[in-house]
Each structure stands twice: as structure tokens, then as C-alpha cells.
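Presented below is the structure to which this report refers.
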Amino acid sequence: MKDKYSVNLQGYEEEVFEIEPTIKDKFNLKSPSWDISITKQDLVNIKLMIEEILENE
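According to this note's numbering, the residues represented by the sequence shown are 30 to 86, in order.
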């Protein structure tokens with residue numbers, strides 16, 4: 030398993046969310062700014078990345 034995973038945001042080519050697995054089923058979610066607006070698709074992409082991480086455990 031990698032240390033960190035990245036999810037790109039729609040409309041923010043240079044901005045990414047970093048997902049860092051910690052202990053089983055726990056994650057640190059790091060964003061460029063909590064004031065950034067995100068789309069439903071961004072949330073779906075974050076969810077899919079977390080599911081992929083869990084499947085690879």
C-alpha cells in the first residue's frame with residue numbers, strides 16, 4: 030500500500046486532495062484549503078479512491 034494517494038479536483042488542475050491511510054479503515058484527508066468548492070463528482074472520486082485503497086489491503 031502506498032503512503033499517500035491523490036485525487037484531482039474538477040476545475041482545479043493544480044489542486045489535489047491527499048488521502049493518507051493511517052490505521053485500519055482510518056484516513057487523513059488533506060486539502061489545499063477547506064474553503065475550496067468541490068463538486069459531487071469530486072466527492073465520488075474521493076470515495077472511489079478510498080474504496081480502492083481498502084480493496085488493496
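The beta carbon of each residue, even a glycine, is placed where N, CA and C say it ideally should be.
Unbroken beta strand (DSSP E) run spanning residue i, endpoints
i	result
N74	Unbroken run through N74 is the alpha helix (DSSP H), K69 to E84; no beta strand (DSSP E).
S35	Y34 to L38
I52	From DSSP, I52 is part of no beta strand (DSSP E); its letter is neither H nor E.
Identity of the residue in the options nearest residue i by Cα
i	options	result
L83	Y41, F46, T51 and G40	T51
K33	S62, E42, K69 and L58	L58
E44	L72, E81, D54 and S60	S60
Close Cβ partners of residue i (< 6 Å) along its chain, the five nearest in sequence each way excluded
i	result
I79	none
Beta-carbon contacts of residue i that lie in its chain and below 8 Å, excluding the five residues immediately before and after
i	result
N74	V36 and N37
F56	I48, E49, P50, I79 and I82
Same chain, Cβ closer than 7 Å to residue i, neighbours up to 5 away in sequence not counted
i	result
I67	L38
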